[in-house]
Ligand SMILES: Nc1ncnc2c1ncn2[C@@H]1O[C@H](COP(=O)(O)OP(=O)(O)O)[C@@H](O)[C@H]1O
Ligand SMILES: [Mg+2]
């Protein structure tokens, strides 16, 4: 049984691409676990490898090295029924529904095709009924107003809802939403994020939201985790609120300092960390050591420009890939007592005399 293991795991996954100028590592040694019903947000500047990570998670790209596990099984070594099960389990929703919805198909046709293909509906009548209930689930009501519309007759937010409805046709366990809210207005963005979170709450669907916008990540990830990426690596991974309140990595600190706040007091009180340079190095010529060191105001010569920092647990839910932050945080932990690992089930076992 694999019930105790995470639903999906990337284990030391690297993905290279050959480009005319040379080979790049778009994703470099990324390990990430996704639990059932978990919401996790991948955030970082354009080109840092978010989409590649999303495609690796969805099994659409094969890792150059490392493994993708689904319920403990190596996806790229499984075949037959296991492959099919994985393909249905993980659905990708793209940034631009205009590009992913066929312009000559009505909403009903868009939804009926996968319903029939995956035998969720046997007849046209059943498919229409199922399409109606999916439209209801994604807030396109009354559904009969939408069934016969073409993508161009819908607003951006409505098109994105149709994309989400299409992903739901196969009862997915995971939705990877890649910049799925980036092309719509701010007010619509919130309702789409709420829709995705609602799917998690109601149906236990795990959601991976990919965004370059930390304000979106903060809103979405309130009850989940954030992975901050930089040049193909995860540099900080933490429960969202902890990371927002107290970022450990200098890059995360800089990103959070740059989120615009409606409240001027909050804006003034925010920790700011000006970077030494705005330029992101090319993946073709990565700096030695920590690839963030040329921009980092806290970088130490002889350390950060020499050694690549590994993503290191610093207590609680948190991990960070920064020599300086790890040293400080572990020193702090040593000064205030040993690391406390919270193992609530130990206490429960003792007090209730039951084994989980
Ligand atoms: N199919 C590909 N071939 C070559 N390079 C690619 C390919 N896909 C992505 N890349 C490169 O990999 C890097 C990471 O891209 P991507 O994962 O799309 O980043 P993000 O989504 O964070 O903007 C970029 O430098 C991009 O140009
Ligand atoms: Mg992208």
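Residue numbers (our numbering): 170 to 525. The beta carbon of each residue, even a glycine, is placed where N, CA and C say it ideally should be. Just so it is clear, the structure is predicted and the values come from calculations on it, not from any experiment.
Cβ-based burial, residue 446 [other Cβ within 10 Å; buried from 16]: exposed
Give, in chain order, every unbroken run of the beta strand (DSSP E) that is at least 3 residues long and sits entirely within the region 233-311. 234-239, 259-262
Pick from 380, 389, 370 that is closest to residue 222, judged by C-alpha positions: 380
Can you tell which of 327, 282, 308, 239 has its C-alpha closest to the C-alpha of residue 265? 327
Could you tell me whether the Cβ atoms of residue 182 and residue 192 are closer together than 8 Å? no
Roughly how many angstroms separate the alpha carbons of residue 490 and residue 292, rounded to a whole number? 53 Å
Indicate whether the contact test is met: 3 or more Cβ pairs, each with one atom in the region 275-290 and one in the region 328-347, closer than 8 Å. yes
Can the beta-carbon of residue 179 be found less than 8 Å from the beta-carbon of residue 226? yes
Quick check: the Cα distance between residue 423 and residue 275, rounded to an integer number of angstroms? 45 Å
Check the DSSP bridge columns for residue 345 and list the partner residues they point to. 261, 377
Helix, strand or coil: how does DSSP classify residue 355 here? helix
Do residue 210 and ligand 1 come close, with the Cβ less than 7 Å from some heavy atom? no
Between the CA atoms of residue 273 and residue 351 - distance to the nearest angstrom: 24 Å
Looking at C-alpha atoms only, which residue of 247, 333, 320, 296 is the closest neighbour of residue 308? 333
With DSSP collapsed to three states, give me the class of residue 390. helix
Segment contact flag, the region 404-421 with the region 233-244, C-beta cutoff 8 Å, min 3 pairs: no
Are residue 416 and residue 466 close, meaning C-beta to C-beta below 8 Å? no
Count Cβ pairs between the region 244-253 and the region 313-332 that sit closer than 8 Å; are there 3 or more? no
Out of 213, 258, 425, point me to the one whose CA is closest to residue 411's CA. 425
Residue 183 CB to nearest heavy atom of ligand 1 below 7 Å: no
Are the region 446-456 and the region 379-393 touching, with three or more C-beta to C-beta distances below 8 Å? no
Short check: CB of residue 364 to CB of residue 330, under 8 Å? yes
8 Å Cβ cutoff met for residue 376 and residue 413: no
With a Cβ-Cβ cutoff of 8 Å, do residue 458 and residue 474 count as a contact? yes
Residue 210 and residue 367 closer than 8 Å at C-beta: no
Does the beta-carbon distance from residue 495 to residue 213 come in below 8 Å? no
Cα-Cα separation, residue 216 to residue 198: 16 Å
Per the DSSP calculation, residue 416 is bridged to which residue(s)? Answer is none; residue 416 lacks a bridge partner.
So for residue 411, helix, strand or coil by DSSP? helix
CA-CA distance, residue 174 and residue 185? 28 Å
So, for residue 358: in the same chain, excluding its five sequence neighbours on each side, which residues have a beta-carbon less than 6 Å away from its beta-carbon? 350
Contained beta strand (DSSP E) runs [length at least 3] in the region 460-500, N- to C-terminal order: 481-484, 487-489
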